[in-house]
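See structure below.
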Amino acid sequence: EPADGVSTDTGDIAIRNVLLVADEEGEVATLFATFANEGAPDELNEVRIGERIASPAGGPLEIPEDGYAQLRPDDVRLDVFGADAQPGQFVDVEFVFQEAPRAEVQALVQRAEGDYATALDDIEEPTPNLYPSPRTVSR
37 EPADGVSTDT GDIAIRNVLL VADEEGEVAT LFATFANEGA PDELNEVRIG
87 ERIASPAGGP LEIPEDGYAQ LRPDDVRLDV FGADAQPGQF VDVEFVFQEA
137 PRAEVQALVQ RAEGDYATAL DDIEEPTPNL YPSPRTVSR
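FYI, in this note's numbering the residues of the sequence shown are 37 to 175.
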């Protein structure tokens, strides 16, 4: 298991090995993170990556009492589009939980190669907004 990420603690939750894997343009990224909970059950509701907000696939990620949970492409995905997260850069990643305080780290963005070669394989593009916001037309 690669260990290229950064770590922090918030409340009873230890957040470990946080990193992003992105395409060369930094437009599409997926998040890796492990959560160890030493307290009551909690949930990860959303993650802010740069200016974008993303949620775990399938809804909030349950972090069991005295247990573990993880975000990774072969388990529960958390993908972000338009992240402006280019490989080699650090980006702000903020975790928003149901109970634990928010936590922020500066996570390294990795290329989809080596241990992460298949990380972006199953990303599904979000459904485009078929009804864009009305624009002001200048005359």
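From the three backbone atoms N, C-alpha and C, an ideal C-beta is built for every residue, glycine too.
- Rounded to the nearest whole angstrom, the CA to CA distance from residue 51 to residue 95 is 19 Å.
- Sequence-distant Cβ neighbours of residue 148 in its own chain, meaning closer than 7 Å and more than five residues away, are 57, 59, 155, 156.
- Proximity to residue 125 across 153, 61, 73, 133 peaks at 61, based on C-alpha coordinates.
- Taking 8 Å as the cut-off, the Cβ atoms of residue 101 and residue 73 count as close.
- The C-alpha of residue 103 is placed about 24 Å away from the C-alpha of residue 84.
- Within a 10 Å sphere around the beta-carbon of residue 150 sit fewer than 16 other beta-carbons, which makes this residue exposed.
- Looking at the DSSP output, residue 88 bridges to 85.
- Under the three-state reduction of DSSP output, residue 78 falls in the strand class.
- Beta-bridge annotation (DSSP): residue 104 is paired with 72.
- Residue 115 sits in a strand when the DSSP states are folded into three classes.
- Secondary structure of residue 45 (DSSP, three-state): strand.
- With a beta-carbon spacing of about 5 Å, residue 129 and residue 141 fall inside the 8 Å limit used to define contacts.
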